[in-house]
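Asks: Have a look at this one.
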Amino acid sequence: MCAELSSSSPRAWQRMLSGRRLNLLDPSPLDVELSDIAHGLARVARWNGQTIGDHAFSVAQHCVVVEEIALMLKPDLDIQWRMAVLLHDAPEYVIGDMISPFKNVMGGTYKAVEERLHHAIHRAFNLPPDLPVSIAKLAKKADIISAYLEAIHLAGFSKDEADKIFGKPAKVTAEQLDALAASIEPLPTKDAQEVFLARFAELDDARKRVGGR
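With the sequence shown counted from 1, adding 19 to any position gets you my numbering.
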């Protein structure tokens, strides 16, 4: 019996503004909408909101920056993998951005829910449920570089502290890091949402031009 119809089980679905009801225990790609993802991610704050500036640094903006870094690391990165990198934190539109220390405390339960959501999101946008190891590693490397910059420029970490926790960014120049620092100026919610949607549309159009679906 579906979670929303069961009287004996707690509700396990969330109603989205699109009208979809996404079941966290068994998410369907048919209930995944880009508008919901962009809306949610633009309203989820990185670092639990513990960042400087008038606006939170949203997961939506972070995803755009990470895709930019991935392309910087691998300029010939295929369009579908660029889209996958853009969506690397997409499950957080449902479950929020849990800081790494809390994820470590939660252990496998959080990871299992996150993985199911990720698979549904990938299927919704015609991406493989699981990424090739090389692409997963690239996305992780780009994510860490973004976190490193965010830590120093937004979250109050010293450079020495960021070097110790995240490691000094490899395969990027000082000039590239300076350029990326400008990309992490926190945007208002509406702007972050629009930037995310625009980048997705750009990649989706490019994929269609090269024959993808």
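Idealized CB from N, CA, C, for every residue including glycine.
So, does the region 64-80 touch the region 169-186, judging by three or more C-beta pairs under 8 Å?
Replies: yes
Asks: Who pairs with residue 77 in a beta bridge, going by DSSP?
Replies: 64
Asks: With a threshold of 16 other CB atoms inside 10 Å of the CB of residue 94, please say whether the residue is buried or exposed.
Replies: Exposed is the label assigned to residue 94, since fewer than 16 other Cβ atoms lie within 10 Å of its Cβ.
Asks: Note down the Cα distance separating residue 97 from residue 145, rounded to an integer number of angstroms.
Replies: 14 Å
Asks: Can you round the beta-carbon distance between residue 48 and residue 142 to whole angstroms, since I take them to be within the 8 Å contact cut?
Replies: Between residue 48 and residue 142, the beta carbon gap of about 4 Å places them in contact (Cβ cut-off 8 Å).
Asks: Starting from the Cα of residue 210, find the closest Cα among 35, 76, 65, 52 and give me that residue.
Replies: 76
Asks: Taking 8 Å as the cut-off, does the region 108-118 touch the region 190-206 (at least 3 CB pairs, one atom from each stretch)?
Replies: Verdict: no, contact absent.
Asks: Among 39, 162, 99, which residue has its Cα nearest to the Cα of residue 218?
Replies: Comparing Cα-Cα distances from residue 218 to each of 39, 162, 99, the minimum goes to 99.
Asks: Can you give the Cα-Cα distance for residue 229 and residue 140, rounded to whole angstroms?
Replies: 22 Å
Asks: Please classify residue 136: does DSSP put it in a helix, a strand, or coil?
Replies: helix
Asks: Is it buried or exposed, residue 55, if we count other Cβ atoms within 10 angstroms and call 16 or more buried?
Replies: buried
Asks: Can you tell me whether residue 44 is buried or exposed, with buried defined as 16 or more other CB within 10 angstroms of its CB?
Replies: exposed
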